[in-house]
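Protein chains in written order, with the working numbering: chain F, 4 to 257; chain W, 13 to 139. Note that CB positions come from ideal geometry on N, CA and C, so glycine has one too. Presented below is the structure to which this report refers.
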Amino acid sequence: MGGGIVLIPALTLLGMDIKQAIAITMVAVIATSSGAASAYVRDRITNLKVGMFLEMFAIVGALAGATITLSAPRRPLFILFGLVLFISWASLFARQGEHWRQAAQPDRVSRWLELHGSYEDRASGEIVRYHATRAYLGGPLMFGVGLVAGLLGIGAGSLKVVILDLVMGLPPKVSTTTSNLIIGVTALAGTSVYLAAGAIDPILAAPVILGVLAGAFVGTRVLVRLTNQTVRRFFLVVLAILGIEMIVRGLRGG
Amino acid sequence: MHTTTDQRVRGMASLVGYTLLGGVLTSAALMSTGLVWNWASSGRVQGTPPAAGTDLAQIFATFLRQLASGTLQPRPLIYLGLAVLLLTPYLRVAASALYFAVVERNLKYTVFTGFVLAVLTGSLFLR
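Here it is in structure tokens:
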């Protein structure tokens with residue numbers, strides 16, 4: 004669960020303009036995803052081919068999304084943000100257990116794209132082999148998620164995981180680490196649009212980025228002490244409150 | 013032969029891992045230094061927002077120009093931290109391109125990664 008989706012409502016509550024909050028958060032997303040990725044790549048669970056194939060779609064979406072935000076009115080941004088919060092809420096709610104079953108045979112497109120792999124499960128010590136399916140759906144859907152990420156300045160990790168998990172049938176660990184890989188590159192594409200437009204004030208952005216990095220550092224240490232259930236319940240409550248808040252502000256006019 | 017490829021992949025993964033970590037830490041160090049310096053010299057935490065956009069080339073040029081003439085200001089230092097952060101995932105894509113081209117010799121994925129790299133390069137120098 005990323006920081007962007009919580010950070011933007013928090014910054015707007017502190018009085019920051021939503022477009023500025025979106026632009027600054029997009030940069031912070033690069034920092035957190037690169038920090039997390041530095042640990043993931045060494046575990047070798049990330050599937051580089053799945054990541055690269057989907058990145059082609061995600062970055063084009065992000066560039067388009069960020070360009071739209073620059074000239075978009077603010078109210079629809081609030082409402083769209085509220086909706087994405089509820090989708091994240093639903094995705095978190097639905098992902099109760101992490102039972103994964105290998106999908107049936109891969110289709111021709113996924114086979115041509117060589118979307119398969121294996122990793123060693125730390126808990127059981129087994130080698131898990133898997134293949135992806137429905138890449139022909141995953142690609143275009145990832146364009147849509149990239150568009151949302153660029154529009155709202157978020158990593159949209161929960162939406163990416165839904166595509167990797169439910170559409171392409173990858174194991175949860177592979178989905179989580181691979182979506183993080185895609186997030187970093189998507190956020191970079193979005194950030195460059197905001198930077199070129201002068202929407203990022205570095206003196207305002209720097210403390211936010213440093214705060215998010217410090218938060219991520221402390222957060223992971225606190226998280227390991229809590230049970231998964233506690234963390235899940237906490238996020239379910241936070242996402243629901245923020246979702247309602249953003250939609251109400253969108254309807255009222257910011 | 014198989015072991016050497018596997019070792020190269022493993023070596024590559026840890027290299028990429030450390031590059032990512034190094035990038036984030038360097039960027040954080042540059043930004044904190046710039047912020048503290050800005051606060052110490054102006055007594056204010058906030059600055060004036062930039063009037064227009066900027067790109068990577070401009071950020072590096074301003075920083076080097078000020079460094080060479082001995083008139084370095086805190087703002088270009090913070091900008092430089094931002095630029096280092098932007099280059100971190102970019103370097104990762106570049107490393108992947110190299111991996112597909114040299115280690116795996118996979119034409120399909122070299123083309124895919126090349127496309128991502130080209131789009132990112134274009135967007136980083138967007139004006």
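Nearest by alpha-carbon distance to residue 13 of chain F: which of F/242, F/254, F/256 is it?
A check of alpha carbon separations from residue 13 of chain F across F/242, F/254, F/256 identifies F/242 as the nearest.
On the DSSP letters alone, give me the boundaries of the alpha helix (DSSP H) that residue 43 of chain F sits inside.
Looking at the DSSP string, the run of the alpha helix (DSSP H) that includes residue 43 of chain F is 21-46.
Specify the secondary structure class of residue 121 of chain F as computed by DSSP and reduced to three states.
In the structure shown, residue 121 of chain F adopts extended strand secondary structure according to DSSP, grouped into three states.
Please name the residues in the segment 206-217 of chain F whose beta-carbon is closer than 8 Å to at least one beta-carbon of chain W, in chain order.
Here the close residues are 206, 207, 208, 209, 210, 212, 213, 216.
Give me the subset of the segment 122-137 of chain W whose CB atoms are less than 7 Å from a CB atom of chain F, sorted by chain position.
Contact residues of the segment 122-137 of chain W toward chain F are 124, 125, 127, 128, 131, 132, 135, 136 (C-beta to C-beta distance below 7 Å).
Report the CB separation of residue 133 of chain W from residue 89 of chain W in whole angstroms; it is logged as a contact under 8 Å.
With a Cβ gap of about 25 Å, residue 133 of chain W and residue 89 of chain W do not count as contacting.
Assign residue 128 of chain W to buried or exposed, taking buried as 16 or more other Cβ atoms, counted over all protein chains shown, within 10 Å of its Cβ.
Classification of residue 128 of chain W: buried, given that the 10 Å Cβ count is 16 or more.
What do you reckon, are the CB atoms on residue 192 of chain F and residue 135 of chain W nearer than 8 Å?
The answer is yes: Cβ separation under 8 Å.
Is there a Cβ from chain W that is less than 8 Å from the Cβ of residue 191 of chain F?
Residue-level contact check: residue 191 of chain F touches chain W, since one or more beta carbons of chain W fall below 8 Å from its beta carbon.
Are the CB atoms of residue 137 of chain F and residue 110 of chain F nearer to each other than 8 Å?
With respect to the 8 Å criterion, residue 137 of chain F and residue 110 of chain F are classified as neighbours on the basis of their beta carbons.
Under the three-state DSSP convention, the category residue 62 of chain F falls into
DSSP places residue 62 of chain F in helix when its eight states are reduced to three.
Ends of the alpha helix (DSSP H) at residue 87 of chain F?
Residues 77-97.
For residue 121 of chain W, the first and last residue of its enclosing beta strand (DSSP E)
Note, residue 121 of chain W: premise wrong, no beta strand (DSSP E); alpha helix (DSSP H) at 119-136.
Taking only beta-carbon atoms, is residue 29 of chain W less than 8 Å away from chain F?
Output row for residue 29 of chain W: interface = yes.
At 8 Å on the CB atoms, spell out the chain F contacts of residue 87 of chain W, in chain order.
Neighbourhood of residue 87 of chain W in chain F, by CB distance below 8 Å: 205, 206, in chain order.
Can you tell me whether DSSP reads residue 236 of chain F as helix, strand or coil?
Under the three-state reduction of DSSP output, residue 236 of chain F falls in the helix class.
Assuming the contact rule is C-beta atoms closer than 8 Å, residue 93 of chain F and residue 183 of chain F should be a hit. Round their C-beta distance to whole Å, please.
Cβ atoms of residue 93 of chain F and residue 183 of chain F stay farther apart than 8 Å, at about 21 Å.
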